[in-house]
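In the working numbering, the protein residues as written are 35 to 653. Built from N, CA and C at the ideal position, the CB exists for glycine as well. The structure displayed is predicted, hence computed values, not measured ones. First the structure, in the form of structure tokens, and then the observations on it.
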Amino acid sequence: MISHSQQPEEIRLETNLKTLAFACACVMAFLILVLRLLQLQYFEYENNLKRAEENRTRKVSVKANRGYILDRNGVVLVRNRPSYQISLLYNSFKTKENRDSVFNRLLRITDKNGKRLLDSAALAFSFERGRWQRFKLQRLIEDASVEIVALFEERGEELPGIEILVESRRDYPFGSHGAHIFGYTGEISEQELEAPENTHYVMGDRIGKKGLELSYEQEFRGENGFKFVEVNATGREMGPVAGMPFFKPVSGNTIVTTIDWRLQEVAETAIPEGLKGAVVALNPQNGEIYAMVSRPPLDPNIFSLEKKELHKAWASVALDTAKPLTNRAISGVYPPASVFKVITAAAGLENNVITEHSRYKACLGGFHFGNRYAKCWRGGGHGTLNVIGALRESCDVFFYQAGLDIGNKRISEMGKRFGLGSALDIDIPGERSGLLIDSATYEKWFEKRGWKWSQGEILNISIGQGALLVTPLQQTAMVGALAWGKGLYKPHFLKEIRSHEGELIKKFEPIKISEGNISERTREIVVKGLYEVVNAPSGTGRRAIVRGIKVGGKTGSAENPHGDKTHAWFTAVAPLDAPEIAVGVVLENAGGGGAVAAPIAQKILEAYFYPDTLNKAVK
């Protein structure tokens, strides 16, 4: 009801003001809409167009295939295989409800046995990490089987943000054979990402971790490409975007190695089951490594498994007391045993302390030195021998007496000439330098124990025991270089680097790391001793004879404080007039080198010199 105090004119004026205010508000709202539209369509057109395109398209990295590893004859030793990755792209979720729905659906996916494919805690972590890395794929399942991929593809429309990617994983077709040479790959760590040379990697990329995979990572990795794909409202890829560029990835380079896979297989199978040790076969003329084996074996394929299975396999390998991860050929250090007698003999001959005809007191089974009685390995003794006979029958008593006359300084210096006591710089990581000690270093090392250098130490060193340690690689290279007589060459696996199309990029040139200077007369006498070790009726290495081939060698049995039996050594070189191959074998806790190690070297030498016989045996 209208109040009597309110006049009609006043009421009309109030109504008009309200109408005017409403009209102004409408005009203002319209102007705001027009201005906003003008802003979007004109001032921010380019930016909005770009954002719209980004919502419709996505730039996707295309991983380059890793380069292959071949043997010297073209046999494929390491290749790639397809691997499916189930991944999450957090930016695809439009709402919290959408995200939670996908999370719950993922937890309900089970395999044919009814077991959940995804752990709730791990999945929650991936979602949480995705919040901070919205445009980065988070891997939920690595290396998924075809059956698992099918389960996710069936539910594709229900799982926006879940993508199935195909990547390549390393495949080692020969299993554990050659594993310590090749090494393996693994997901790059945060520490590795910080390295200056790894700026092109991102978290989740795989990188070489050991062996050739690590040494030649920059050659293997290639160059990633990228493409633009169209995505639907759920973020699922619909296909390539027409008119957008596609940069094709460039596969990594192929490494052609010096390995002769025929010899590698022979060496792998020649070591008796259950024994630990190593085998090395190389060319002393240029340092090319034909074969390298370390026992116990390691299967590098375990490092291409998905994370859960990898963790189980890794734990088993890492906790194994036999240390299968260790490449004993370059990281295992052992007393060189009687193989070292060739160094003692060369030092004596080169310094004119002994000659080919020098003889010492007869070996009657041992040698008295002060209060010490140093035994010979043959209790009944060897009688009177010259240096060739002492090498042939590995007489300890001869070398006890010769070592005292020669002195540790000369023996040590001769060892250094042929690479003992220092790393040979092989092109895979993990090589140890061994130990070639002098009197001053000895006293420094054992100062806390109060040990002083004495002449008695020379008795041990002269026969390859005591304060001496070598790797199988060093021992093999040393005997090969001494027999070759033209220097010590850097041992290596790289023969050539080729592009993925086969074009030659680089060829390895042999590198001489030591002249290995000795007189021709010294070399001839030592080589004659090596020959008689294998070929004379009383030689200790007769089980390494190869018909028609002039083989030389040296046996050894290294004292072992951790077992009842000695470490068995045998190092061979052939043919002695122009050495093409040197073979070194060490077997831990296996007994005598002539009985156990020499037959392994023989099999490798026969395979090298008579490949047709090997091929027939394989057929």
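Check, Outcome
"Compare the C-alpha of residue 191 against each of 489, 403, 449, 135 and name the closest.", "135"
"Provide the residue span of the alpha helix (DSSP H) that contains residue 636, from first to last.", "632-643"
"Within its chain, find whatever has a CB closer than 7 Å to the CB of residue 518; leave out the 5 residues flanking it on each side and keep chain order.", "318, 319, 613"
"Below 7 Å between beta carbons: does that hold for residue 536 and residue 574?", "no"
"Given that a residue counts as buried once 16 or more other Cβ atoms are within 10 Å of its Cβ, and exposed if not, what is residue 225?", "exposed"
"Determine the closest residue to residue 589 out of 481, 372, 454, 185, with distance taken between C-alpha atoms.", "372"
"Quick one, which of 65, 45, 289, 55 has its alpha-carbon nearest residue 542's?", "289"
"Using the beta-carbon count (16 or more within 10 Å), is residue 212 buried or exposed?", "buried"
"Quick check: the Cα distance between residue 91 and residue 157, rounded to an integer number of angstroms?", "27 Å"
"Taking only three categories from DSSP, how would you classify residue 124?", "helix"
"Compute the Euclidean distance between the alpha carbons of residue 489 and residue 499, then round it to the nearest angstrom.", "14 Å"
"How would you write the range of the beta strand (DSSP E) that residue 621 sits in, first residue to last?", "615-621"
"Alpha carbon to alpha carbon, how far is residue 424 from residue 561? Give it in angstroms, no decimals.", "13 Å"
"Tell me which residues share the same chain as residue 433 and place their Cβ nearer than 6 Å to its Cβ, disregarding the 5 neighbours each side in the sequence.", "375, 378, 496, 497"
"For residue 578, which residues in the same chain have their Cβ closer than 8 Å to its Cβ, ignoring the five residues on either side in sequence?", "568, 585, 587, 604, 606, 632, 633, 635, 636, 639"
"Leaving aside the five residues before and after residue 572 along the sequence, list all residues of the same chain whose C-beta is less than 7 Å from its C-beta, in chain order.", "426, 427"
"Among 309, 222, 616, which one has its Cα closest to the Cα of residue 321?", "616"
"Per DSSP, residue 202 forms a beta bridge with which residues?", "116"
"Out of curiosity, what's the CA-to-CA distance linking residue 105 and residue 538?", "15 Å"
"Could you give the distance in angstroms between the alpha-carbon of residue 283 and the alpha-carbon of residue 222?", "20 Å"
"Relative to the C-alpha of residue 431, which residue among 67, 202, 414 is closest?", "414"
"With distance defined between alpha-carbon atoms, name the residue in 292, 142, 148, 169 nearest to residue 125.", "169"
"What would DSSP say about residue 479, mapped onto helix, strand or coil?", "helix"
"Taking buried to mean at least 16 other C-beta atoms within 10 Å of its own C-beta, is residue 245 buried or exposed?", "buried"
"DSSP three-state call for residue 553: helix, strand or coil?", "coil"
"Pull up the DSSP beta-bridge partners for residue 323, would you.", "316"
"So, are the CB atoms of residue 382 and residue 396 less than 7 Å apart?", "no"
"Measure the C-alpha to C-alpha separation of residue 166 and residue 530 and round it to an integer number of angstroms.", "44 Å"
"Between 310, 393, 367, which lies nearest to residue 355 when the distance is taken from Cα to Cα?", "310"
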